[in-house]
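Student:
Protein chains: 2
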Amino acid sequence: MSKTYNISELAAKFDITTRTIRFYEEKGLLTPARLGNNRVYTEQDRVKLQLILRGKRLGFSLEESRDIIEMYDPATGSAEQLQRLIGRIQEKRQALQGQLEDIEMMLVDLADTEQKCQQALRNMK
Amino acid sequence: MSKTYNISELAAKFDITTRTIRFYEEKGLLTPARLGNNRVYTEQDRVKLQLILRGKRLGFSLEESRDIIEMYDPATGSAEQLQRLIGRIQEKRQALQGQLEDIEMMLVDLADTEQKCQQALRNMK
DNA sequence: TTTAACCTTTACGTAAACGTCAACATAAAG
DNA sequence: CTTTATGTTGACGTTTACGTAAAGGTTAAA
Chain H
1 MSKTYNISEL
11 AAKFDITTRT
21 IRFYEEKGLL
31 TPARLGNNRV
41 YTEQDRVKLQ
51 LILRGKRLGF
61 SLEESRDIIE
71 MYDPATGSAE
81 QLQRLIGRIQ
91 EKRQALQGQL
101 EDIEMMLVDL
111 ADTEQKCQQA
121 LRNMK
Chain C
1001 MSKTYNISEL
1011 AAKFDITTRT
1021 IRFYEEKGLL
1031 TPARLGNNRV
1041 YTEQDRVKLQ
1051 LILRGKRLGF
1061 SLEESRDIIE
1071 MYDPATGSAE
1081 QLQRLIGRIQ
1091 EKRQALQGQL
1101 EDIEMMLVDL
1111 ADTEQKCQQA
1121 LRNMK
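Quick mapping for you: the protein sequence lines, in order, are chains H and C. Everything in the first sequence is counted per the working numbering, starting at 1 for the first residue and increasing by one. Everything in the second sequence is counted per the working numbering, starting at 1001 for the first residue and increasing by one.
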């Protein structure tokens, strides 16, 4: 059996508060087991949390992250459901490609600006 | 002299509301000229708005977008100020690199999941 | 001249994503 | 047995990023 975590371990691991983790549970993104009254998180839960936080860094809403988490679930369904899932996955991939382009544009712009700054510095001396 | 826009033209161009544009002004991200009582936006303003919206797609707060906009301003300052600006630009570029990695990980994961779905579909037939 | 289509400011409302208590349970340590 | 640390469930507060009227000014067409 693989490692489990309690809530504060997990919070420390990702540098977030326990409140945040409970909030994600409230929103249906996590559903940890219980040992008595206390929450117990599995390795799977940890991965889900990681996905959520990665999504956050990319500006996803929790709703979107929940969608993504659902995608990772094998959730063996009918052929029709699988097709729909594939469609949703492709949409997400498209959106991510768009973000890639946005980032690249920003990187170019910032690199340009930095160049101009460096040039201005050289001109001062 | 280059083209100018009124608020609703600009809103239509970017598919946002005029309220949104005024809100960005409230927050100090835009400072359009006035023709009488009405706002007049220059090409520069349009570019700024574009930067803001690009930032939004990447999960930036308006505060962060304002920072970025300030970076693009030549704002000829002292050597010290230029150095600090270069530092901030490099930090942003670092952060964007991090986002690139996040996106690439997500793309890989989603591609994996899609493969599994396709495989599951093939196994059903 | 009135009606329509714009613009303006001011102000209150709202959803998302938590922060921040409060009040209580429990288990280990001194 | 009391303190200390950690957990729990509410419940209300806060910030961000706008939405949604309300009340009014200006220009152009009918």
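All C-beta atoms, glycine included, are put in the ideal place defined by N, C-alpha and C. None of the values given here were measured: they were computed from a predicted structure.
Counting Cβ pairs closer than 8 Å, one from the stretch 1065-1083 of chain C and one from the stretch 53-67 of chain H, do we hit at least three?
Tutor: Contact between the stretch 1065-1083 of chain C and the stretch 53-67 of chain H is absent, because fewer than three Cβ pairs lie under 8 Å.
Student: Pairs of beta-carbons, one from the stretch 40-56 of chain H and one from the stretch 5-15 of chain H, closer than 8 Å: are there three or more?
Tutor: Result yes; three or more Cβ-Cβ pairs closer than 8 Å.
Student: Between Q1090(C), A1011(C) and R1034(C), which has its C-alpha nearest A111(H)'s C-alpha?
Tutor: Numbered from its first residue, the first sequence carries residue 111(H) at position 111. The option with the nearest alpha carbon to A111(H) is Q1090(C).
Student: Could you name the residues of the same chain whose beta carbon sits closer than 7 Å to that of G1055(C), not counting the 5 residues immediately before and after it, in chain order?
Tutor: The count along the second sequence starts at 1 and reaches residue 1055(C) at position 55. Here the set comprises E1064, S1065 and I1068.
Student: For the alpha helix (DSSP H) that L1035(C) lies in, which residues bound it at each end?
Tutor: Position 35 of the second sequence holds residue 1035(C). Run containing L1035(C): none in the alpha helix (DSSP H); it sits in the beta strand (DSSP E), A1033 to L1035.
Student: For Y41(H), which beta-bridge partners are listed by DSSP?
Tutor: Here residue 41(H) is taken as the residue at index 41 of the first sequence, counted from 1. Y5(H), per the DSSP bridge assignment.
Student: Decide yes or no for the touch test of the stretch 1011-1027 of chain C against the stretch 1100-1117 of chain C: beta carbon pairs closer than 8 Å, at least 3 of them.
Tutor: No, they do not touch.
Student: Three or more beta-carbon pairs under 8 Å between the stretch 81-100 of chain H and the stretch 1024-1039 of chain C, yes or no?
Tutor: The stretch 81-100 of chain H, when compared against the stretch 1024-1039 of chain C, does not touch it at the 8 Å Cβ threshold.
Student: Nearest-angstrom Cα distance between E1114(C) and N123(H)?
Tutor: Residue 1114(C) sits at position 114 when you count from the first residue of the second sequence. Residue 123(H) sits at position 123 when you count from the first residue of the first sequence. For E1114(C) and N123(H), the distance between alpha carbons rounds to 54 Å.
Student: Do you know how far the Cα of L1121(C) is from the Cα of Q97(H)?
Tutor: As a working note, residue 97(H) is residue 97 in the first sequence. As a working note, residue 1121(C) is residue 121 in the second sequence. Their backbone Cα atoms lie some 25 Å apart in a straight line.
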